[in-house]
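Written out below as structure tokens is the structure these notes cover.
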Amino acid sequence: MAHIKRHVQATDRRQWRYWAFCLLCLGLLAAAAVHGAMSSGYNWQWDRAWPYFLECGPAGCRPGVLLRQGLMGTIRISVLALGIALSAGLFAAVARLAGGGAARTAALGYVELVRNTPLMVQLVAVYALVPPSWGLSAEGTAVLVLGLFEGAYMAEIFRAGIIDVPRGQWEAARSLGLSALTTWVRVILPQALRRSLPPLVSQCVSLVKDSSLAGLIAVPELAQRSALAVSDTFLSFEIWLPTAGIYLCLALALSSLAALLQARLNKEQAAPCGRIHA
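By our numbering, the letter at position 215 of the sequence shown is numbered 215, and the numbering carries on one by one without gaps.
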């Protein structure tokens, strides 16, 4: 219908205005940082910090240790933990809404226990208590704990999205003779995921930032490698400022990917209406 097309176009315009505003704010912050640095009298030593991000020599340039080990470690941990978080969150949400008494109690216990204890405590406790015979490395521990921690929050996001699906969708599926499993997979969950996408993106950004705590158990990720570089060079500003920029770029990349996915879903939803209207 025409009003759906107008809604999609208005959403696209809002996205462009949003990114323009973000770029403007980033430009103002960068200008303020440069002005403050120039007037503070601090002796900046970027020539010593730069090799940690980009190593250049006679054979050419390659990523420095902070990108080669730190950034790649952060991306690897975040991607693996995201898979666990989405699976655990969706399973817990469905168990709370459609499971039996034992499943609902277990899912509620998981959500409340994980959400009400600090991630730092969970990381150290699991790393210290897991028997060595299990063969779980420090990085594996970080991935597991981070995935389960973020999954507890995603469970509530998924549950809210499922509850938001109109009751008529359940009744229509039942009237068509669809089984309970088919109704969940083909009717309810696709709509719930579309409704849950914006808060899920925010939780994914939190997951990337929370991955910096993996350095507490000696996992070689970006924050841990940056801390080692600062201890070696005593260049706190020159190391941590670009590191913060890298985290910011990761968060903006996730937000951009989610915005593109949301726009595609909106256009796919509007396309059948447009054909009918024509």
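Note that the Cβ used here is the ideal one computed from N, Cα and C, for glycine as well. Given the structure is predicted, the values throughout are model-derived calculations rather than measurements.
Assigned exposure category for residue i - 16 Cβ within 10 Å defines buried
i, result
"Ile162", "buried"
"Val145", "buried"
"Ser175", "exposed"
"Glu238", "buried"
"Gln122", "buried"
"Phe158", "buried"
"Thr74", "buried"
"Tyr110", "buried"
"Pro166", "exposed"
"Gly215", "buried"
"Leu261", "exposed"
"Val79", "exposed"
"Gly245", "exposed"
"Leu90", "buried"
"Ala259", "buried"
Rounded C-alpha distance that separates residue i from residue j
i, j, result
"Leu207", "Ala128", "22 Å"
"Tyr247", "Leu67", "12 Å"
"Thr52", "Val205", "According to the sequence shown, residue 52 is Tyr rather than Thr. Computed Cα separation, rounded: 25 Å."
"Trp184", "Asp210", "32 Å"
"Leu235", "His35", "19 Å"
"Leu200", "Leu189", "14 Å"
"Phe30", "Ser226", "First, the residue type needs correcting, since residue 30 is Ala and not Phe in the sequence shown. Rounded to whole angstroms, Ala30 to Ser226 spans 21 Å at the Cα level."
"Arg76", "Cys25", "30 Å"
"Glu112", "Val124", "19 Å"
"Ser196", "Gly60", "45 Å"
"Val230", "Gly41", "20 Å"
"Gly100", "Val94", "11 Å"
"Gly57", "Leu241", "24 Å"
"Gly83", "Leu265", "21 Å"
"Ile276", "Gly27", "Bear in mind that a pLDDT of 39 at Ile276, under 50, signals an unreliable position, so the number given afterwards is only what the model happens to contain. Their backbone Cα atoms lie some 45 Å apart in a straight line."
"Ser256", "Asp164", "25 Å"
"Gln191", "Pro118", "32 Å"
"Leu178", "Ser133", "46 Å"
"Phe21", "Pro198", "19 Å"
"Cys249", "Glu55", "21 Å"
"Leu23", "Leu254", "16 Å"
"Ala173", "Leu136", "44 Å"
"Glu171", "Lys267", "26 Å"
"Asn43", "Ala263", "46 Å"
"Arg17", "Ala180", "43 Å"
"Gln224", "Thr182", "46 Å"
Pair within 7 Å by beta-carbon distance, residue i and residue j
i, j, result
"Ala88", "Leu148", "yes"
"Glu150", "Ala98", "no"
"Ala107", "Arg115", "no"
"Ala92", "Ala155", "yes"
"Leu193", "Leu71", "no"
"Thr105", "Val126", "no"
"Thr233", "Arg48", "yes"
"Met283", "Leu252", "No statement about residue 283 is possible, as the shown extent of the chain runs from 1 to 278 and does not include it."
"Val143", "Ala81", "yes"
"Gln45", "Pro220", "no"
"Val187", "Gln203", "no"
"Ala138", "Ala218", "yes"
Helix, strand or coil at residue i according to DSSP, with G and I counted as helix
i, result
"Leu213", "helix"
"Gly245", "helix"
"Pro131", "coil"
"Ile239", "helix"
"Pro51", "helix"
"Leu265", "helix"
"Gly60", "strand"
"Gln284", "Residue coverage of the chain in this structure runs from 1 to 278, which leaves residue 284 outside it and unanswerable."
"Gly73", "helix"
"Thr233", "helix"
"Ala141", "The residue asked about is misnamed: residue 141 is Thr in this sequence, not Ala. Residue state, collapsed to three classes: helix."
"Ala95", "helix"
"Gln122", "helix"
"Trp16", "helix"
"Val114", "helix"
"Trp44", "coil"
"Leu136", "coil"
Any chain D beta carbon closer than 7 Å to residue i
i, result
"Gly100", "Looking for chain D here will not work: only one protein chain is present."
Requested in this report: Can you check the stretch 147-204 for any alpha helix (DSSP H) of at least 4 residues that lies completely inside it and give the ranges in chain order?
Outcome: As summarised for the stretch 147-204, the continuous alpha helix (DSSP H) elements at least 4 residues long and confined to that stretch are 167-175, given in chain order.
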